[in-house]
Amino acid sequence: MAIKFRTKNVEVSYGDKKAIKDISLNIKKNTITALIGPSGCGKSTFLRCLNRMNDVIENCSIKGSVLLDEQDIYGPDIDPVELRARVGMVFQKANPFPKSIFDNIAYGPRIHGLASSDNELKDIVHNSLEKAGLIDEVKDRLNDQATGLSGGQQQRICIARAIAVSPEVILMDEPCSALDPIATAKIEELMNEISETYTIIIVTHSMQQAARVSKKTAFFHLGDLIEYNDTDKIFTQPDNEKTQDYITGRFG
Amino acid sequence: MIRKSIQSRRARETRLKIYGITSICFALIMLATLLISIGLNGYSALQQAYFKVDISVNMDKLVDDSGTINKNKMNLFNWDGLVKSALREFFPEVKERDEKKELFAIISANAGYDLKEIVKKKALGSGSHTMSVWLHLSDDADQYLKGRLSIDIPEEDRRINNKQIAWVNSLVERDIAKLKFNKTFFTSADSREPESAGILGSVVGSALTLFVTVMFALPLAVMASIYLEYFAKPGRITDFIEVNINNLAAVPSIVFGLLGLSVFLSTFGLPRSAPLVGGLVLGLMTLPTIIIASRASIRSIPPSIREAALGLGASKMQAAMHHVLPLAAPGILTGTIIGMAQALGETAPLLMIGMVAFIIDIPTTFTSSATAMPVQIYMWSDSAERAFYERSSLAILFLVAFLISMNLLAVVLRKKFEKKW
Amino acid sequence: MQNIPLSFVFFMLIGVSLFFYFYSKNNILKKAAFVGQRSKALPSHYGQQSFLWAFIPSAIILLFLTIGGPNYIDQLFYNKIQELNPKLNQSFVSLILAKVINVSNGKIATDDEKILSLASDYKAALDQLYFYRGLVVILCAALVGMFVSSLQSPRANARENVEKFIINIFFVSAVIAIFTTGAIILSLLFEALRFFSLYNFFDFLFGLHWAPNVAIRSDQVAAAGSFGMIPVLVGTLLISFIAMCVAIPIGLFSAIYLAEFASPRTRDFVKPTLEILAGIPTVVYGYFAALTAAPFFREIGFSLGLDVSSESALAAGAVMGIMIIPFISSLSDDVIRAVPQSLRDGSMGLGATKAETIYNVVLPAAIPGLVGAVLLAVSRAIGETMIVVMAAGLSASLTVNPLDSVTTVTVQIVSLLTGDTEFDDIKTLSAFGLGLALFFFTLLLNIFALSISRRLAERYD
Numbered sequence: 000m001a002i003k004f005r006t007k008n009v010e011v012s013y014g015d016k017k018a019i020k021d022i023s024l025n026i027k028k029n030t031i032t033a034l035i036g037p038s039g040c041g042k043s044t045f046l047r048c049l050n051r052m053n054d055v056i057e058n059c060s061i062k063g064s065v066l067l068d069e070q071d072i073y074g075p076d077i078d079p080v081e082l083r084a085r086v087g088m089v090f091q092k093a094n095p096f097p098k099s100i101f102d103n104i105a106y107g108p109r110i111h112g113l114a115s116s117d118n119e120l121k122d123i124v125h126n127s128l129e130k131a132g133l134i135d136e137v138k139d140r141l142n143d144q145a146t147g148l149s150g151g152q153q154q155r156i157c158i159a160r161a162i163a164v165s166p167e168v169i170l171m172d173e174p175c176s177a178l179d180p181i182a183t184a185k186i187e188e189l190m191n192e193i194s195e196t197y198t199i200i201i202v203t204h205s206m207q208q209a210a211r212v213s214k215k216t217a218f219f220h221l222g223d224l225i226e227y228n229d230t231d232k233i234f235t236q237p238d239n240e241k242t243q244d245y246i247t248g249r250f251g
Numbered sequence: 000m001i002r003k004s005i006q007s008r009r010a011r012e013t014r015l016k017i018y019g020i021t022s023i024c025f026a027l028i029m030l031a032t033l034l035i036s037i038g039l040n041g042y043s044a045l046q047q048a049y050f051k052v053d054i055s056v057n058m059d060k061l062v063d064d065s066g067t068i069n070k071n072k073m074n075l076f077n078w079d080g081l082v083k084s085a086l087r088e089f090f091p092e093v094k095e096r097d098e099k100k101e102l103f104a105i106i107s108a109n110a111g112y113d114l115k116e117i118v119k120k121k122a123l124g125s126g127s128h129t130m131s132v133w134l135h136l137s138d139d140a141d142q143y144l145k146g147r148l149s150i151d152i153p154e155e156d157r158r159i160n161n162k163q164i165a166w167v168n169s170l171v172e173r174d175i176a177k178l179k180f181n182k183t184f185f186t187s188a189d190s191r192e193p194e195s196a197g198i199l200g201s202v203v204g205s206a207l208t209l210f211v212t213v214m215f216a217l218p219l220a221v222m223a224s225i226y227l228e229y230f231a232k233p234g235r236i237t238d239f240i241e242v243n244i245n246n247l248a249a250v251p252s253i254v255f256g257l258l259g260l261s262v263f264l265s266t267f268g269l270p271r272s273a274p275l276v277g278g279l280v281l282g283l284m285t286l287p288t289i290i291i292a293s294r295a296s297i298r299s300i301p302p303s304i305r306e307a308a309l310g311l312g313a314s315k316m317q318a319a320m321h322h323v324l325p326l327a328a329p330g331i332l333t334g335t336i337i338g339m340a341q342a343l344g345e346t347a348p349l350l351m352i353g354m355v356a357f358i359i360d361i362p363t364t365f366t367s368s369a370t371a372m373p374v375q376i377y378m379w380s381d382s383a384e385r386a387f388y389e390r391s392s393l394a395i396l397f398l399v400a401f402l403i404s405m406n407l408l409a410v411v412l413r414k415k416f417e418k419k420w
Numbered sequence: 000m001q002n003i004p005l006s007f008v009f010f011m012l013i014g015v016s017l018f019f020y021f022y023s024k025n026n027i028l029k030k031a032a033f034v035g036q037r038s039k040a041l042p043s044h045y046g047q048q049s050f051l052w053a054f055i056p057s058a059i060i061l062l063f064l065t066i067g068g069p070n071y072i073d074q075l076f077y078n079k080i081q082e083l084n085p086k087l088n089q090s091f092v093s094l095i096l097a098k099v100i101n102v103s104n105g106k107i108a109t110d111d112e113k114i115l116s117l118a119s120d121y122k123a124a125l126d127q128l129y130f131y132r133g134l135v136v137i138l139c140a141a142l143v144g145m146f147v148s149s150l151q152s153p154r155a156n157a158r159e160n161v162e163k164f165i166i167n168i169f170f171v172s173a174v175i176a177i178f179t180t181g182a183i184i185l186s187l188l189f190e191a192l193r194f195f196s197l198y199n200f201f202d203f204l205f206g207l208h209w210a211p212n213v214a215i216r217s218d219q220v221a222a223a224g225s226f227g228m229i230p231v232l233v234g235t236l237l238i239s240f241i242a243m244c245v246a247i248p249i250g251l252f253s254a255i256y257l258a259e260f261a262s263p264r265t266r267d268f269v270k271p272t273l274e275i276l277a278g279i280p281t282v283v284y285g286y287f288a289a290l291t292a293a294p295f296f297r298e299i300g301f302s303l304g305l306d307v308s309s310e311s312a313l314a315a316g317a318v319m320g321i322m323i324i325p326f327i328s329s330l331s332d333d334v335i336r337a338v339p340q341s342l343r344d345g346s347m348g349l350g351a352t353k354a355e356t357i358y359n360v361v362l363p364a365a366i367p368g369l370v371g372a373v374l375l376a377v378s379r380a381i382g383e384t385m386i387v388v389m390a391a392g393l394s395a396s397l398t399v400n401p402l403d404s405v406t407t408v409t410v411q412i413v414s415l416l417t418g419d420t421e422f423d424d425i426k427t428l429s430a431f432g433l434g435l436a437l438f439f440f441t442l443l444l445n446i447f448a449l450s451i452s453r454r455l456a457e458r459y460d
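Next up, the structure:
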């Protein structure tokens with residue numbers, strides 16, 4: 000399988016503090032890769048490197064290389080704006096805009112000029128909602144405020160919103176941590192359905208979730224990449240002792 | 000796939016940044032223009048045109064038998080004549096009556112009065128004394144020497160004619176007249192003649208007024224805040240009080256002046272133009288501001304401190320007064336300073352209660368007639384004499400400098416006492 | 000009768016009250032020993048109780064006598080003078096009274112026998128008043144103090160009583176805010192109603208002609224003066240509109256830049272500097288408007304072939320706008336920064352540029368607060384006085400041309416009340432009519448601002 004992201008010796012510091020030191024990791028295309036590890040180990044920071052969301056943070060510096068389809072995303076000729084249309088993100092707490100459901104999904108296509116007519120835009124919104132499995136629940140109330148939906152529905156709106164831009168990669172930063180088990184299950188189901196079209200990288204606190212959804216898993220600890228392997232292998236026969244300790248619950 | 004050109008989107012962002020920077024620069028340039036234009040107008044008021052004469056005075060003509068100065072005799076003595084004859088000595092060629100009038104116009108109309116005051120202060124012993132005194136030139140001569148009087152316009156339209164210019168120049172050449180530090184500005188009260196006018200009267204008036212304002216508003220504000228935060232029962236009355244306070248904070252200041260006029264002056268019969276009334280009016284005006292600031296300060300104290308006191312058996316009042324209030328004091332103080340800075344610059348309400356009268360004495364009590372600095376500036380800027388322009392500009396510079404330092408003090412105090420709980 | 004000065008009475012009052020403080024404080028211990036149980040409160044509380052009882056009623060009497068007493072005497076002498084001179088009208092009687100007062104305190108001299116005798120009577124009356132004032136106040140304090148301290152019992156919890164009393168005082172302070180609003184409404188209403196009894200209310204509210212120059216004689220009804228406030232209102236709105244045209248774009252864009260783009264160092268420098276603009280007294284802005292801005296606009300207009308008045312609405316409005324800039328930029332900055340970062344992240348994550356995020360996500364979310372800020376700024380502009388007094392005109396012309404001179408509500412109030420007219424004159428009363436209109440207008444604006452921000456905020460929650 001092809002490599003979507005090739006990262007080499009990535010190091011990120013906030014001021015003087017090093018959050019990640021020397022990560023080299025290759026993400027496979029059209030698979031779900033999980034990043035696990037205890038709190039503060041740098042997995043979210045690493046995730047945010049992949050779509051240059053760390054640029055938004057003050058005094059954050061990055062070293063090393065991150066290649067998307069063999070192109071350095073930190074190169075001078077790459078605009079983060081275009082990058083983020085290819086690499087979408089879903090956040091920990093659902094953050095729909097205080098607008099209607101339709102406008103939320105339509106936002107991305109509008110700013111990138113993806114639809115040349117109103118009808119095209121409507122189609123994009125409908126397709127995204129379908130893919131996100133929400134269409135039946137909201138098709139009659141597309142003009143209602145998105146903030147009036149339940150937590151799980153809001154998060155799926157955010158996923159639909161990300162899908163609407165037709166990205167190649169979807170980054171998910173603990174998308175289910177604020178949701179109840181039923182909503183979580185729905186989102187995991189969604190992830191499985193779309194994983195053939197998109198490369199998905201998910202940061203998760205829950206090892207069970209990682210085991211359920213992902214094909215490859217990377218274990219982070221205190222800013223280092225401890226082990227990266229097929230999910231089955233990591234959870235049954237990890238190579239590294241630290242990994243073993245973590246998954247058996249000795250720490251974290 | 001992305002159709003909207005990334006360049007046009009980026010260009011939009013650059014435009015937004017440019018709008019922002021331009022706006023900020025505009026505001027800052029306006030501030031600079033304001034201050035600089037006033038400064039250019041006012042710096043020359045730091046100096047004043049004086050001329051030196053030698054005067055001989057026979058004190059025996061002015062004292063009682065006991066040797067103390069007799070007020071009546073002082074008032075009746077012809078000081079003007081003394082000054083005028085001294086001036087004529089510099090220009091013995093001036094003989095005609097009309098020409099003499101023109102000559103005397105180049106010195107201050109108050110020169111005689113000023114001389115009398117100087118002699119009074121010197122407390123000379125008996126007998127004849129000769130002394131050198133510096134007296135003011137007229138405001139027109141003063142403005143001419145500072146280059147503020149345009150002399151390229153025809154003579155009839157000017158305030159100072161060619162002969163007078165020649166005389167003034169001659170005095171300067173002979174080192175008898177020159178521009179010296181304008182002490183009068185800082186030591187006298189208002190006057191009809193610009194050269195004798197100063198800001199001391201209005202400074203004292205502002206000080207007295209502000210004192211009343213603080214004494215009235217601060218205790219009331221603190222008491223009201225403590226009540227609203229700790230003792231008020233949540234209900235309609237409390238809500239009503241809060242709504243009222245918030246509304247009052249946005250009422251135009253002139254309305255408070257109208258209130259003062261009809262209630263304090265008309266109904267209560269308090270003296271017009273007094274710092275007492277001005278202070279009460281400004282106090283009512285700043286009361287909502289200080290209440291809002293005090294409440295914010297009290298709220299920022301963690302409830303754990305209050306709860307600890309209550310847990311030891313202190314009453315609510317004791318917890319509030321002994322524990323919360325001292326900790327909230329810096330914030331309350333900062334809010335008060337800012338409120339006072341606001342009150343110091345207010346003019347409209349004071350106009351309404353009559354502090355716009357022409358006051359020549361420095362006020363001594365809270366019920367004597369007084370004026371305040373901003374009102375003085377307003378009155379001076381309204382007058383016809385050019386010399387008042389530069390004086391009001393200088394007064395503005397002082398007022399603004401003082402206000403900026405008050406605000407800086409508030410900011411410094413706030414930073415110093417800022418505690419992160 | 001000796002004239003007892005106010006300061007003396009006041010200090011004596013404090014002294015007497017303090018005496019009872021210490022007396023009660025010591026006394027209660029003896030009483031407690033006598034009864035055989037500890038007092039329910041600390042001795043100092045009993046002391047405080049006596050102090051308050053001794054001080055406060057007497058202080059109220061002192062205040063009452065000091066303010067009301069001289070007024071009463073003035074009224075007595077006014078009547079006396081009127082009796083002696085039944086043919087003189089009001090203003091002359093007042094003049095004579097003023098003379099009598101000034102002679103009695105040595106400010107002026109006179110030869111008139113009648114006035115000299117009245118003056119000495121006046122001084123005697125005042126002396127008598129002040130003597131009795133001192134006597135009554137001190138006696139009252141002493142009597143009440145004695146009464147209260149003798150009644151104090153260790154079984155009563157003095158601390159609770161004192162605190163309850165203080166809480167009531169605190170309550171009264173809080174209520175003063177309501178009283179002030181009520182006093183404003185009542186006093187304005189009272190005078191305005193007197194005005195409306197002389198001039199038709201609807202002619203005032205909807206009249207198109209404002210020319211208050213009536214005949215000087217105060218007993219002549221408003222036959223020659225018109226008090227239609229529409230032109231004055233239009234003038235106010237015109238100047239405020241111009242001010243908003245300056246302040247809103249500059250204030251808003253400054254706030255956006257400071258909140259979203261500026262580095263912390265830039266913010267630390269620019270924000271306090273803009274605050275300086277807010278701290279400059281309005282009389283200084285008026286000065287600048289009248290002496291620099293107005294001639295400037297006139298010159299520019301001249302070179303463009305336009306006739307710009309030397310008291311143009313444009314000059315006054317532009318300078319007022321500059322004054323309001325920090326108001327809008329500071330409030331907007333707070334509002335924009337309050338928008339949650341998660342919304343921005345969501346937008347950036349989709350590949351929006353910062354500007355797109357601001358225009359499409361941040362600003363719409365901030366609209367409630369921004370609208371509130373703008374409305375408050377408008378209210379400020381409408382109520383502003385000094386800038387327009389010094390830079391706008393006095394004659395009311397019904398126009399929307401910014402190059403013309405207009406007058407505003409506040410200018411008229413000032414000009415009507417700082418002249419030399421009598422208080423009952425219809426001109427001065429019309430100022431209160433304007434004041435009432437101004438107060439209600441700004442009140443409605445403020446209420447509207449609050450409610451609209453709240454309503455919009457609910458939508459976005």
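Protein chains in written order, with numbering that gives the first Met the number 0: chain A, 0 to 251; chain B, 0 to 420; chain C, 0 to 460. Using N, Cα and C, we set each Cβ at its ideal position, and we do this for glycine too.
1. Which whole runs of the alpha helix (DSSP H) in the segment 212 to 248 of chain A are 4 residues long or more, in chain order?
2. Against residue 171 of chain A, what residues of chain C qualify as contacts under a CB-to-CB distance less than 9 Å, listed in chain order?
3. For residue 240 of chain B versus residue 176 of chain C, is the C-beta spacing smaller than 8 Å?
4. Between the C-alpha atoms of residue 257 of chain C and residue 329 of chain C, what's the straight-line distance to the nearest angstrom?
5. Are residue 332 of chain B and residue 412 of chain B touching if we call contact CB-CB under 8 Å?
6. So for residue 0 of chain A, helix, strand or coil by DSSP?
7. For residue 90 of chain B, name the three-state secondary structure that DSSP assigns.
8. Counting only the same chain and skipping the five closest in sequence on each side, list residues whose C-beta sits under 7 Å from that of residue 383 of chain C.
9. For residue 218 of chain A, collect the residues of the same chain with a Cβ closer than 7 Å to its Cβ; drop the 5 residues on either side in sequence, then sort them by chain order.
10. For a test of the three-state rule: what should DSSP assign to residue 189 of chain B, helix, strand or coil?
11. In chain order, which continuous runs of the alpha helix (DSSP H) of length 4 or greater are located wholly inside the segment 124 to 150 of chain A?
12. Distance cutoff 8 Å, beta carbons only. Does residue 161 of chain A sit that close to anything in chain C?
13. So, using beta-carbon positions, are residue 407 of chain B and residue 340 of chain B closer together than 8 Å?
14. Would you list, in chain order, the members of the segment 342 to 356 of chain C that have their beta-carbon closer than 7 Å to a beta-carbon of chain A?
15. Within the continuous beta strand (DSSP E) that includes residue 50 of chain B, where are the two ends?
16. Within the continuous beta strand (DSSP E) that includes residue 73 of chain B, where are the two ends?
17. From the DSSP output, which residues share a beta bridge with residue 176 of chain B?
18. Check whether the Cβ atoms of residue 228 of chain A and residue 216 of chain A sit closer than 8 Å, and answer yes or no.
19. Check each candidate in C:163, C:237 and C:443 and name the one with the smallest Cα separation from residue 466 of chain C.
20. Distance cutoff 8 Å, beta carbons only. Does residue 214 of chain B sit that close to anything in chain C?
For this structure:
1. 230 to 235 and 240 to 246
2. One-based indexing of the first sequence puts residue 171 of chain A at position 172. None at all; the shortest Cβ gap to chain C is about 11 Å.
3. Here the question's residue 240 of chain B lines up with position 241 in the second sequence. Here the question's residue 176 of chain C lines up with position 177 in the third sequence. In this structure, residue 176 of chain C lies closer than 8 Å to residue 240 of chain B by Cβ.
4. By one-based count along the third sequence, residue 257 of chain C stands at place 258. By one-based count along the third sequence, residue 329 of chain C stands at place 330. If I take the Cα positions, the gap works out to 10 Å.
5. Position 333 of the second sequence, counting from 1, holds the residue named residue 332 of chain B. Position 413 of the second sequence, counting from 1, holds the residue named residue 412 of chain B. Result yes, Cβ atoms of residue 332 of chain B and residue 412 of chain B sit closer than 8 Å.
6. As a first step, residue 0 of chain A is located in the first sequence; it is residue number 1 there, counting from the start. Note: residue 0 of chain A maps to coil in three-state DSSP.
7. To locate residue 90 of chain B, count along the second sequence from 1; it is residue 91. The answer is coil: DSSP assigns residue 90 of chain B none of H, G, I, E or B.
8. Counted from its first residue, the third sequence places residue 383 of chain C at position 384. So the qualifying residues of the chain are 281, 319 and 409.
9. The residue labelled residue 218 of chain A in the question sits at position 219 within the first sequence. 35, 36, 225, 226, 233, 242 and 245.
10. Here residue 189 of chain B corresponds to residue number 190 of the second sequence, with the count starting at 1. Residue 189 of chain B falls in the coil class under three-state DSSP.
11. 134 to 137
12. Position 162 of the first sequence holds residue 161 of chain A. Chain C, which has a Cβ nearer than 8 Å to the Cβ of residue 161 of chain A, makes this yes.
13. Indexing the second sequence from 1 puts residue 407 of chain B at position 408. Indexing the second sequence from 1 puts residue 340 of chain B at position 341. Not in contact: residue 407 of chain B and residue 340 of chain B (Cβ atoms no closer than 8 Å).
14. 342, 344, 345, 347, 348, 349, 350, 351, 352 and 355
15. Translated into positions along the second sequence, residue 50 of chain B becomes position 51. Where residue 50 of chain B is concerned, the enclosing beta strand (DSSP E) stretches over 46 to 57.
16. The residue you call residue 73 of chain B lines up with position 74 of the second sequence. Element bounds for residue 73 of chain B: not the beta strand (DSSP E) but the alpha helix (DSSP H), 70 to 75.
17. The residue given as residue 176 of chain B occupies position 177 in the second sequence. Paired residues: B:50.
18. Numbered from 1 along the first sequence, position 229 holds the residue referred to as residue 228 of chain A. Numbered from 1 along the first sequence, position 217 holds the residue referred to as residue 216 of chain A. Yes; because the gap between Cβ atoms is below 8 Å, this pair is in contact.
19. Limits of chain C in this structure are 0 at one end and 460 at the other, which puts residue 466 of chain C out of reach.
20. Counted from its first residue, the second sequence places residue 214 of chain B at position 215. False, the Cβ-Cβ gap to chain C never drops below 8 Å.
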